[in-house]
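Chemist:
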Amino acid sequence: MEPLIQDLKEKNKTRSRRLGRAIVMSLALAIALAGCFDGGSDSSSASSAAPASPDTGTGTGPGAGTGTGTDDTPAQAGVSRVLVVGLDGVTYGALQAGLANNTLPNFARLKVSLAYSGGAPGGQTQQANLHTPGWATLLSGNWANLHQVTSDATGLAIQGGSVFEALKAKGTGANGAAVASANIAGLLASQHDSNALDTLYDCSGSAVADDCVTQQALGLIAGTYTTVVAQYHAATDVALAYGVNSSSYANSVKRLDDAIGRLLAETAKKPDDKWLVVLTSAYGLSATGSVDGLPLLPESTTFIALNQAFNNAAGVNAAAPATLSALYAYPSIADVTPTVLAYFNATPPPAAYTLYGSELVGDQAVSQLNVALSTTNFNQPGANATLSWTAPDTGAISVLRDGEVIATLPAGTARYVDNGLRDYITGLYRQGGTHTVGYTVQAGAGGGLRAIRSAPLSYVPILASVANGLFVYYPFGDTLPAIDAKGSSTLGLFASDLDPAAGVVVDGPFGANSHGLKVSLKYTDAGNQEGYALTFNGQALDPTNAAAPVFSVGFWTRIPRDSCIVGGDYPLMGNKNFKSGANPGFAMAIYGVAAGTGCTLRVNFADNTNRVDSSAAVSNNQWVYAAVTFDGVSKMANWYVYDPILGLRTGALNGASIDMSKLYTGLNAAPISGKNGYASWGLGTDGTGMYYYNQTDANRPKWNVATGGVTTATPSRDYDAAFTELAFWNRLLTPAEVASIYQSQMPLSTVLGN
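UniProt numbering puts the sequence shown at residues 1 to 754.
(1) Put residue 660 into one of helix, strand or coil per three-state DSSP.
(2) Would you say residue 338 and residue 304 are within 9 Å of each other, going by their C-beta atoms?
(3) Out of 179, 191, 220, which has the shortest C-alpha to C-alpha gap to residue 205?
(4) Determine the contact status of residue 399 and residue 112, defining contact as a CB-CB distance below 9 Å.
(5) Starting from residue 262, trace the alpha helix (DSSP H) both ways and give me its first and last residue.
(6) How far does the beta strand (DSSP E) with residue 107 in it extend, from its first residue to its last?
(7) The alpha helix (DSSP H) spanning residue 339 covers which residue range?
(8) Please classify residue 359 as buried or exposed, where buried requires at least 16 neighbouring CB atoms within 10 angstroms.
(9) Suppose only complete runs of 4+ residues qualify. What are the alpha helix (DSSP H) ranges in the stretch 92 to 165, listed by chain order?
(10) Does residue 462 come out as helix, strand or coil in the three-state DSSP assignment?
(11) Would you identify the three-state DSSP class for residue 272, choosing helix, strand or coil?
(12) Compute the Euclidean distance between the alpha carbons of residue 464 and residue 382, then round it to the nearest angstrom.
(13) Might you give, ordered along the chain, the residues of its own chain that have their beta carbon closer than 7 Å to the beta carbon of residue 256, omitting 5 neighbours on each side?
(14) Taking residue 412 as the reference, which of 329, 357, 503, 444 has the closest Cα?
(15) Only counting runs of 3 or more residues, tell me where the beta strand (DSSP E) segments fall wholly within the stretch 390 to 451, in order along the chain.
(16) On the criterion of 16 or more Cβ atoms from any shown chain inside 10 Å, does residue 26 qualify as buried, or is it exposed?
(17) Could you tell me which of 190, 182, 195, 459 sits nearest to residue 169, measuring between CA atoms?
(18) Measure the beta-carbon distance from residue 606 to residue 581 and round it to whole angstroms, keeping in mind my assumption that it falls under 8 Å.
(19) Count the other CB atoms within 10 Å of the CB of residue 221; is the residue buried (16 or more) or exposed (fewer)?
(20) When DSSP labels each residue in this structure, what does residue 479 get in the three-state scheme?
(21) Measuring alpha carbon to alpha carbon, tell me which residue in 105, 154, 95, 187 is nearest residue 140.
(22) Quick test of your reading: residue 554 and residue 625, contact by CB under 8 Å. State the CB separation rounded to the nearest angstrom.
(23) Can you find the residues in the same chain that come closer than 8 Å, C-beta to C-beta, to residue 285, ignoring five residues on each side of it along the sequence?
(24) Below 8 Å, how does it come out for the stretch 517 to 537 and the stretch 732 to 749: are there three or more Cβ pairs, yes or no?
(25) Assuming the contact rule is C-beta atoms closer than 8 Å, residue 551 and residue 730 should be a hit. Round their C-beta distance to whole Å, please.
(26) Taking C-alpha atoms, which residue in 488, 433, 334 lies nearest to residue 461?
(27) Taking the alpha-carbon positions, what's the residue 470 to residue 588 distance?
(28) Out of 658, 526, 203, state which residue places its alpha-carbon closest to the alpha-carbon of residue 611.
(29) For residue 638 and residue 293, I'd like the C-alpha separation in whole angstroms.
(30) My understanding is that residue 543 touches residue 728, with C-beta atoms under 8 Å, so please give their C-beta distance in whole angstroms.
(31) Which of the three DSSP states, helix, strand or coil, is assigned to residue 742?
(32) Hey, out of 308, 329, 133, whose CA is closest to residue 116's CA?
(33) Just the Cα atoms here: how many angstroms apart are residue 739 and residue 726?
(34) In terms of DSSP beta bridges, what is residue 231 paired with?
(35) Sort 125, 541, 124, 690 by Cα distance to residue 664 and report the nearest one.
(36) Assign residue 110 to one of two classes, buried (16 or more other C-beta atoms within 10 Å of its C-beta) or exposed (fewer than that).
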C-alpha cells in the first residue's frame, strides 16, 4: 500500500490547481480506508500520526490538501466567530452510545440535540438523504426545492443564496472551509469563485483526508477567519465497510471526538473571541450503514450539537423517536444557517426572510410549519391556504405573505387560514399565471422567524375576447329583480301576482360574494303561470329573430337535490312551447335518466315539423356551466356542459332539416290564452310560462287547482333549479372561450371591468 500512497502523493504535488476547484481523485476512498484500518479486521486503533502545522496560506502538500488562503494576520480580539463542523456518517445513536459510556469526552462538553435531515417526505421539501443535498441545506438554510441541489452529481451549486454570501454581504469577516469530500469541494467551488468563500481547502486528495481537514481547520481558527467550516467524511466510509455496530465504526467516531477536542482547544487560545460551535451531520445512515438517500427514519435521523444553550432544549439528549412524524418536532439541519446568521446579527428582516430553518440560539421560532393549499387551481371558488405550526410559549404571532403582514395573532396561536389568497393571486395575475407563495411566520418581535413556500398554484382568467358580442348579461346579486348589465332585456316573474317564493336568491358558484336565482315550479298564479320570463327590449334584440340566427347562450346551473326529476322533465330555459319538442323554437331542459336517479341536460330546437335533440349526463348538487353556440347559416349548433365531476360533455346538432326562420316564437308560435304571443324566453320554465299547465297527457303532472297552485300530488312539479351568469352573445363563442369561462371559475364581470 505504501507505493500506492507515495504515487498518489507525487501526483498530488504535480496536479494543476484552479482557485477553489475541487479535484476528484478516484483512489481517495481506498487510501483513506487503508490509512486508518487494516482492511481485514473489525478493529483499529486511533490514529497516532503527528499533526502537521496549520496552513493558512496556499499549499498543495500531501498533508495540506489544496487551497488558497487570503489573510494570515492575527485576528482582532473580542470578535464573534463561528465554527461549523460536519461529521458525515456520525449517527445520533453512535453519539448516544458514546456519551453513555463516556468515550466521547469532547462531545460531552456540548449540548447534543436530536435533529432531522431530508425535509418532509411527500412534501415540497423532501430531498435525498445524501452528502451534497444535505450540505447544501446546512449552508443555505433551505431544502432542495430552493437550493436546487438534488443529488451527488458533480457540477451542482447552491441556488438562492448561502450562509457565506449572507455573511459577506453583512461584512462579518473572512469565511474559510476545509473539506474531506470531492463532491463537497465541488459544491463550494462556485462560492469560492464568487469570493463569498475566501478560502477553500480540498483535502479529498490527501492520504488521510480527515487529518488534512483537522490541520487546515486549525489554521483557519488560528487565523483571522470569523467563519470556519470543516467537513469530515471518514465515518461514512467506515460505516459502509464495517457497519454501524462494529468496533471500527465506534473507533472512527472516537477519532472524530479527538479531532473536535483539538479544534475546541484552538478556539480557546483566544479567550476574548466569542465562539459559536455547531456540530452536525448532513444526513443519517441506513440500518446497514449505507448512504442510500431514502426518506426513512434512520436515514433522516441526525443531530445538532452546540456549545451554547438551545432556545428549545426539548431535543437535547432526547430518545430517538419511533416515527418520522415525531422526528419533525425537533430541529433540522436547515436550522444551522439561520443560527449562524443570528449569531452575527445578520438575520434578514421579516419581510425578506425566506429560510425554512430558524435560529436555535436566541429568539425561538415556531416549529413544524406547514402550508396546505385547498387546491392548486386558484380559479376554484374559496381556494385558500392553511398554515399550521407549533408555537413557542410566548410571543404574538405575525403571518407574512410574500413579505407583507396579513395577520397578527395572539401568542400560542397555531393555525391560520389565508382566505384572501385567491383575491391576491387573481389581482397579481390579471392575465393568468403560476405563483409560489412565500409565507413567513414570526414569533414575537425579534428573530424568531421561519419561512415556507407553497406548492405552485395557478390562475387562468376568462379570455378577454369573451366580452366581444356580449349583449345580455345577468350577474345576479343578493337582491331581486336581477338587472341586465348590458341593458338589453328584463328578467322577472312571469306574472305580477305570482308568489315571490317562485324565485329566491341563493349562493352562487364563485364563493361568498357570488349569488344566483333559484326558480321553483311548485308556485303558480291564478292564470297558471310559473317561473321567470326574460323579455328583450325590442323584437330586434331577440337573437332568434333572423332568417339564419347566429348567437350563443350560456349560464351556470345547479340541480339542488340528490336525485333528478321523476316522470318527466324540467325546462331550464327556452323560447318555445315545450309541450312538444317539435314545436318551433329553442329549449334546454333537465330529464331523469331513471326514476329518482341521475340527470341529463337536453338541447332541442325545431320548426313545428322537424326537430333535433342532443343530451348529456350532468351531476346533481353541482354548479355546471352549459353553453350553446347556434349557427343558423350552417344549420349547426354545438353544446358544451362543463361538470366538476363528469368533466366536459359536448355535442353537435345538425339542423339541416330545420327551417331556421321558424325559431323566433314571437311570430311563429300559436298564442296561449292570457299571452299576446310571446317574445319572452322562460327561465325555469318554457317560453309560455305555463309549461306544466300545458302538459295534458297522462304521463305529465298537472297544475293542482285544489291546492291553489302548490302541488302536493305530483312530485315532478315540486322541482327547482338555480341559475347565474345568464348571458347571450350575438356571435359564436369558440371552444376556448367557453372553456375559459368555466375554468376561470370567475364571473363574466371580470372581463367587463366591473
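Backbone N, C-alpha and C fix where the C-beta goes; we use that ideal spot for every residue, glycine too.
Modeler: This is what the structure gives:
(1) helix
(2) no
(3) 179
(4) no
(5) 247 to 267
(6) That residue, residue 107, is in no beta strand (DSSP E); it is neither H nor E in DSSP.
(7) 336 to 343
(8) buried
(9) 92 to 100, 131 to 138, 144 to 147
(10) coil
(11) coil
(12) 23 Å
(13) 87, 90, 232, 235
(14) 444
(15) 397 to 401, 404 to 409, 415 to 418, 433 to 435, 438 to 443
(16) Low per-residue confidence applies at residue 26: pLDDT is 30, beneath 50, and the placement is therefore not dependable, though the value from the model is reported in the following sentence. Residue 26 comes out exposed.
(17) 195
(18) 6 Å
(19) buried
(20) coil
(21) 187
(22) 7 Å
(23) 89, 91, 236, 239, 244, 291, 298, 299
(24) no
(25) 6 Å
(26) 433
(27) 20 Å
(28) 658
(29) 54 Å
(30) 6 Å
(31) helix
(32) 329
(33) 16 Å
(34) 86, 179
(35) 541
(36) buried
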